[in-house]
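Heads up: the protein sequence lines correspond to chains A and B, in order. Quick note on the working numbering: the first sequence kicks off at 2 and runs consecutively. Quick note on the working numbering: the second sequence kicks off at 77 and runs consecutively.
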Amino acid sequence: MSDAPDLHLPATSEPLRVAIRRLRWYREAFARQLEELQADYGLGFTVDDRKLARIFVDWLREMEAQKPADPSQRRAYFDFVSALMLRNLLRDMPLKAEPLPQGADLNRAEYFWPEGFACTVFCLNIRAAVLEQEFHAETALTPDFFNLRQWWSFRENASSDPNAAMGFFDVFTGNNPEWQMPDSFRQRLNRALAAPDRQTEISSR
Amino acid sequence: MPSRLPRPPIDTAPIKDVARSLRFAVEQGGRSLRKGLPLDALPEPAARLADVALHTARRISDSAGRGASSLAHVLLDGDDTPPPLSHPEEAAAEARFAAAAHDGLRAALLRLGAESCLVSEAAAVAAWRRVTRAAEGSDSETAAALYLALIDPPAVREVVWGESATPPAEPAKVATFAVLLAMLADPAEYQALLPAAADLALALVPDLVQAADRTALKTLFEDFRNHV
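As structure tokens, this is what we get:
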């Protein structure tokens, strides 16, 4: 992903879709992302490892429960589980940001909401890396990712309903967002089949 | 014809347990003494006497511990990885399992916030014997049986928590599950996997509390062995 903060993933001999489902690798990748944010933006965080492990276990279970049998749905499923990972991270937030660097511009997303920004770029980067490896697909972020109004709305909505984070994740990745039942993969597929061209306006949210 | 009969294998676990129990008792005694009776505040010669007594006791327990440890290393031939649970018949599997279980249980308990703990390696040997004598089925089934055998009678004898620590519910179960999960995940990477296995086990406390029988435990091991 060229236009979001980088993530140099830990080495693995396994496909990324397998490695990300191992806590040791997941944790290392998450730590790497935080290091990159520290280097690029001066953001510091403390991580609650126990909380991160619980988030990981919940994510595994929800992901496994909704795994599609049809191989043609794999691509959509990877988008879904990436958004689900973000939902769980934001819902149970394992990060606490340290004081911002001096002169930090609060009109930039990374300083406006450091914890949310860190979790979001981590999930975006993991998704991008998996899609590239599995489908040779290039990914890009929409302009909404760089719009502070979106981040303001994202933070507000996600704090009252963590599921809303999944819709915003879709918005940032250019996917058609599902706002009604974002944590149901089946609902997502049904909706895509029923109205493939429908684009939901999020400005009203 | 050989002039001497081959020596029977020596079971070092009880020797190591004695040395470790002694060291644990000395450390605990010293800790209690320092808490209840500050040596700095004692008048002479009482302070000096107490100090000398503590140092002597620690020296004896350290020396016993070193002796037992070097004996164990000679016998284990430097292999400190646990045996694959799918092959309990491997050479020195019993001793390797017991040593790895002892070290792993300690490491997991410390990861959970314990300040100090006493784990019986002989109990791990006994658990291994009990389970592998009647072993049938998959390695996950063996892990489930070992879990129950390490919990009762308990291999974790004592755990001391620091004043600021928040002990989890059922710490011995959490540590035991973590050890066996790491062994199942990859015996060669056992040590490196323990912290993640301990955190996973901690996240699974509600499941561990509920999983009373071997079948439920086996399912839990199977569900998470590839996710450490």
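Backbone N, C-alpha and C fix where the C-beta goes; we use that ideal spot for every residue, glycine too.
Euclidean distance between Cα positions of Ala130(A) and Leu17(A): By one-based count along the first sequence, residue 130(A) stands at place 129. By one-based count along the first sequence, residue 17(A) stands at place 16. As the crow flies, the alpha-carbon of Ala130(A) is around 8 Å from that of Leu17(A).
Min CB distance Phe123(A) to chain B below 9 Å: For this step, residue 123(A) is matched to residue 122 along the first sequence. For Phe123(A), the answer is no, since every Cβ of chain B falls outside 9 Å of its Cβ.
9 Å Cβ cutoff met for Ala193(A) and Leu149(A): Here the question's residue 193(A) lines up with position 192 in the first sequence. Here the question's residue 149(A) lines up with position 148 in the first sequence. Cβ atoms of Ala193(A) and Leu149(A): not closer than 9 Å.
Cβ pair count under 8 Å reaching 3, the stretch 97-112 of chain B against the stretch 192-204 of chain B: yes
Integer Cβ distance of Arg33(A) from Pro6(A), believed to fall under 8 Å: Numbered from its first residue, the first sequence carries residue 33(A) at position 32. Numbered from its first residue, the first sequence carries residue 6(A) at position 5. So it is not a contact: roughly 11 Å between Cβ atoms.
Residues that DSSP places opposite Thr47(A) in a beta bridge: Within the first sequence, numbered from 1, the residue matching residue 47(A) stands at position 46. Bridge partners of Thr47(A): Lys97(A).
Span of the alpha helix (DSSP H), counted from its first residue to its last, around Ser160(A): Taking the first sequence and counting its residues from 1, the one referred to as residue 160(A) is at position 159. Where Ser160(A) is concerned, the enclosing alpha helix (DSSP H) stretches over 149-161.
Nearest to Gln103(A) (by Cα), restricted to the options Arg62(A), Leu24(A), Gly43(A), Pro178(A): In the first sequence, the residue the question calls residue 103(A) occupies position 102. Comparing Cα-Cα distances from Gln103(A) to each of Arg62(A), Leu24(A), Gly43(A), Pro178(A), the minimum goes to Gly43(A).
Boundaries of the alpha helix (DSSP H) in which Glu197(B) is found, first to last residue: Working through the second sequence from its first residue, we reach residue 197(B) at position 121. Looking at the DSSP string, the run of the alpha helix (DSSP H) that includes Glu197(B) is 197-209.
Distance between Leu284(B) and Lys68(A) (C-alpha atoms, nearest Å): One-based indexing of the first sequence puts residue 68(A) at position 67. One-based indexing of the second sequence puts residue 284(B) at position 208. Roughly 25 Å between the two C-alpha positions.
Contacts of His303(B) in chain A (Cβ-Cβ under 7 Å): Taking the second sequence and counting its residues from 1, one reaches residue 303(B) at position 227. Per Cβ cutoff of 7 Å: Arg22, Arg23, Leu24, Leu61.
Opposing strand residues paired with Glu234(B) [DSSP bridges]: Translated into the one-based positions of the second sequence, residue 234(B) becomes position 158. Paired residue(s): Leu194(B).
Amino acids of chain B, ordered along the chain, whose beta-carbon sits closer than 7 Å to that of Pro54(A): Stepping through the first sequence from its first residue, residue 54(A) is reached at position 53. With the sequence shown as reference, residue 54(A) is identified as Ala, and Pro is not the correct amino acid for it. Ordered by position in chain B, the residues that pass the 7 Å Cβ test against Ala54(A) are Asp275, Leu276, Leu278, Ala279.
Contacts of Leu269(B) in chain C (Cβ-Cβ under 7 Å): Among the chains of the structure shown, chain C does not appear; the protein chains present are A and B.
C-beta neighbour in chain B for Asp50(A), strict 9 Å: Position 49 of the first sequence, counted from the first residue, corresponds to residue 50(A). Closer than 9 Å to some Cβ of chain B, the Cβ of Asp50(A) qualifies, so yes.
Buried/exposed call for His137(A), threshold 16 Cβ in 10 Å: For the purposes of this step, residue 137(A) is identified with residue 136 of the first sequence, where counting begins at 1. Result: exposed.
Where Asp289(B) sits in the DSSP three-state scheme: Here residue 289(B) corresponds to residue number 213 of the second sequence, with the count starting at 1. DSSP places Asp289(B) in coil when its eight states are reduced to three.
Backbone secondary structure at His9(A) - three-state DSSP: Within the first sequence, numbered from 1, the residue matching residue 9(A) stands at position 8. Looking at His9(A) - three-state DSSP - the assignment turns out to be coil, as it is neither helix nor strand.
Minimum Cβ-Cβ distance from Phe300(B) to chain A less than 9 Å: Along the second sequence, one-based indexing puts residue 300(B) at 224. Chain A, which has a Cβ nearer than 9 Å to the Cβ of Phe300(B), makes this yes.
Short CB-CB distance (under 9 Å) between Val94(B) and chain A: For the purposes of this step, residue 94(B) is identified with residue 18 of the second sequence, where counting begins at 1. Answer no: the Cβ-Cβ gap between Val94(B) and chain A never drops below 9 Å.
Three-way DSSP call (helix, strand, coil) for Trp180(A) in this model: The sequence position of residue 180(A) within the first sequence is 179, counting from 1. Three-state result, Trp180(A): coil.
Neighbourhood of Arg135(B) by C-beta distance below 7 Å, restricted to the same chain and skipping five residues each side: Residue 135(B) sits at position 59 when you count from the first residue of the second sequence. Excluding residues within five positions, none has a Cβ falling inside 7 Å.
Residue range of the alpha helix (DSSP H) that includes Trp26(A): Translated into positions along the first sequence, residue 26(A) becomes position 25. Trp26(A): member of the alpha helix (DSSP H) spanning 24-42, first to last residue.
Per-residue contacts from Ala241(B) into chain A (C-beta, under 7 Å): As a first step, residue 241(B) is located in the second sequence; it is residue number 165 there, counting from the start. Near Ala241(B) there are no residues of chain A at all, since even the closest Cβ is about 12 Å away, more than 7 Å.
Beta-carbon proximity of Val250(B) to Ala274(B), cut-off 9 Å: Taking the first residue of the second sequence as 1, we reach residue 250(B) at position 174. Taking the first residue of the second sequence as 1, we reach residue 274(B) at position 198. Yes; because the gap between Cβ atoms is below 9 Å, this pair is in contact.
Check whether Phe155(A) and Ala166(A) have beta carbons under 9 Å apart: For the purposes of this step, residue 155(A) is identified with residue 154 of the first sequence, where counting begins at 1. For the purposes of this step, residue 166(A) is identified with residue 165 of the first sequence, where counting begins at 1. Taking 9 Å as the Cβ cut-off, Phe155(A) and Ala166(A) qualify as a contacting pair.
Backbone CA spacing between Leu260(B) and Ile56(A) [nearest angstrom]: Taking the first residue of the second sequence as 1, we reach residue 260(B) at position 184. Taking the first residue of the first sequence as 1, we reach residue 56(A) at position 55. Going by the C-alpha atoms only, they are around 22 Å apart.
Residue from Ser185(A), Ala66(A), Phe173(A), Thr121(A) whose Cα sits closest to the Cα of Leu35(A): Counting from one through the first sequence, the residue named residue 35(A) turns up at place 34. Among Ser185(A), Ala66(A), Phe173(A), Thr121(A), the Cα nearest to that of Leu35(A) is on Thr121(A).
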